[in-house]
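**Q**
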Amino acid sequence: MKAKLNPRSLLLSSVALLLIITAFTSCSKKAEVTGTSYVQVTNASQAASPIDFYVDNTKKNNTALAYNQSSGYISVTSTDHPALIKTSASGVTASSFNISPQPNVYYSIFYFGANTAAYQDDMTAPQTGKARIRFINLNLGVTTNVDLGISGGAIIASNLINALASDYLEVAPGTTFSLYTSGSSTVLLSIPTSIQAGHIYTIYVSGVTQADLAATVLLQK
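In the numbering used here, the protein residues as written are 107 to 327.
(1) Helix, strand or coil: how does DSSP classify Gln-316 here?
(2) With a threshold of 7 Å on Cβ separation, who are the neighbours of Ala-321 within its own chain once the five nearest residues in sequence on each side are excluded?
(3) List the DSSP bridge partners of Leu-254.
(4) Could you pull the start and end residues of the beta strand (DSSP E) that Val-198 belongs to?
(5) Can you tell me where the beta strand (DSSP E) holding Lys-236 begins and where it ends?
(6) Does the Cβ of Asn-167 have 16 or more other Cβ atoms within 10 Å, making it buried, or fewer, making it exposed?
(7) Can you give the Cα-Cα distance for Thr-292 and Tyr-286, rounded to whole angstroms?
(8) Label Asn-210 either buried or exposed according to how many other C-beta atoms from any shown protein chain fall within 10 Å of its C-beta, with 16 as the threshold for buried.
(9) Could you check the C-alpha separation between Gln-316 and Thr-250 for me, to the nearest Å?
(10) Based on Cα-Cα distance, which residue from Thr-185, Pro-188, Ser-196 and Phe-241 lies nearest to Ala-263?
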């Protein structure tokens, strides 16, 4: 039996023991190979050294991923695989887990702090003249829930806990966003963008403390 993927978030502790990304794993026997899946890894850990991503003990990224760098989508067969994130310089394992992605589905894995979070990506094209975005707070120093709003306008995603992704939202190109503590009008972070119509993005904030909040706009498609 294949476990269902929670498309919004999966938070994992990055310890030495084998970790299971539950949304990707099978409950009993291995699934047969039925196709190709696509996985990208992003180093969202401000304090981390550059990292490498391994599937079946084979490094998948061409160059080491420094803070806020992404591998882009990597093709993997749609079956169970052991996966590792290693510190590039030393080869020390920073996170280990299993993936079992579904055929023709796209996923994003973020390494941040001592944690790993995985999300299913929606690649549905936005309507004409719009961009599609989702938002994720990966800053461990922000311990309260947060709201995301259009700067000077409406709240578009509310009461998000750390590492929980918002739904995908359609917005105008170049929209500037503001991040708030939930229920407050005090801006934690202003997020200018140069997002373009016809594209899909993940906007995530990273950092170790609330004082070093930083936003990154990651192009999905």
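Idealized CB from N, CA, C, for every residue including glycine.
**A** Well, looking at it:
(1) Position 210 of the sequence shown, counted from the start, is the residue given in the question as residue 316. Of the three classes helix, strand and coil, the one that applies to Gln-316 here is helix, per DSSP.
(2) Start at 1 with the first residue of the sequence shown, and residue 321 comes out as number 215. Taken in chain order, the residues that qualify are Leu-295, Ile-297, Ile-309 and Val-311.
(3) The count along the sequence shown starts at 1 and reaches residue 254 at position 148. BP columns for Leu-254 point to Ala-263 and Leu-285.
(4) Position 92 of the sequence shown holds residue 198. Note, Val-198: premise wrong, no beta strand (DSSP E); not H, not E.
(5) Here residue 236 is taken as the residue at index 130 of the sequence shown, counted from 1. Premise fails: Lys-236 is in no beta strand (DSSP E) and is neither H nor E.
(6) The count along the sequence shown starts at 1 and reaches residue 167 at position 61. The residue is buried, with at least 16 neighbouring Cβ atoms inside 10 Å.
(7) What you label residue 292 is simply residue 186 of the sequence shown in a count that begins at 1. What you label residue 286 is simply residue 180 of the sequence shown in a count that begins at 1. Each residue's alpha carbon lies about 6 Å from the other.
(8) Counting from one through the sequence shown, the residue named residue 210 turns up at place 104. Exposed.
(9) Reading the sequence shown from its first residue, position 210 is the one you call residue 316. Reading the sequence shown from its first residue, position 144 is the one you call residue 250. Approximately 10 Å between the Cα atoms of the pair.
(10) In the sequence shown, the residue the question calls residue 263 occupies position 157. When only C-alpha atoms are compared, the closest one is Phe-241.
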